[in-house]
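The structure appears below as structure tokens.
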Amino acid sequence: MSDNTEDIERIARIVYDAIFQNRPSVEINGEAYSVKRTSKSRVRFIEHEGLTYMEQNKLKSSTWGKEAQEGHQILWVMRGRQYLARIRDGKFLDLKKR
């Protein structure tokens with residue numbers, strides 16, 4: 005997967021819709037991917053071409069965790085522990101430019 009912002013945003017929006025519409029799977033570039041859950045906190049995510057697309061953990065005491073508790077829909081795009089992008093309530097933000 006390239007770091008092309010347009011590709012990341014396109015796929016992030018597909019995953020965002022699937023996760024927050026409670027779909028069990030999502031189709032990306034003609035391939036089906038199951039929406040998985042982390043073992044401990046049950047946070048939903050999808051792994052695709054080296055990137056992880058993951059909803060915000062509502063159990064966290066961080067600002068983002070509190071926003072998720074309040075009903076905001078937050079999805080992170082990560083490579084390992086590096087945050088590349090975020091979608092919050094449908095608005096995409098490229099974190100690589102910051």
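Following the working numbering, the numbering of the sequence shown begins with 5 at its first residue and continues without gaps.
Positions of the beta carbon are idealized from the N, C-alpha and C atoms, including for glycine.
Coarse secondary structure for residue i, derived from DSSP in three states
| i | result |
| --- | --- |
| Met-5 | Any answer about Met-5 is weak, because its pLDDT of 48 lies below 50 and its placement is not dependable; what the coordinates show is given next. DSSP places Met-5 in coil when its eight states are reduced to three. |
| Gln-86 | strand |
| Val-19 | helix |
| Leu-63 | coil |
| Asp-11 | helix |
For residue j and residue i, the rounded distance between their alpha carbons
| i | j | result |
| --- | --- | --- |
| Ala-89 | Ser-65 | 21 Å |
| Met-5 | Gln-86 | With a pLDDT of 48 at Met-5, under the threshold of 50, the modelled position of this residue cannot be trusted; read the value that follows with caution. Computed Cα separation, rounded: 15 Å. |
| Ser-38 | Glu-53 | 14 Å |
| Gln-77 | Asn-26 | 12 Å |
| Ala-72 | Asp-93 | 10 Å |
| Glu-74 | Trp-80 | 17 Å |
| Lys-40 | Phe-96 | 22 Å |
Any contact between the region 57-76 and the region 36-48? By contact I mean 3 or more CB pairs, one from each, below 8 Å.
yes
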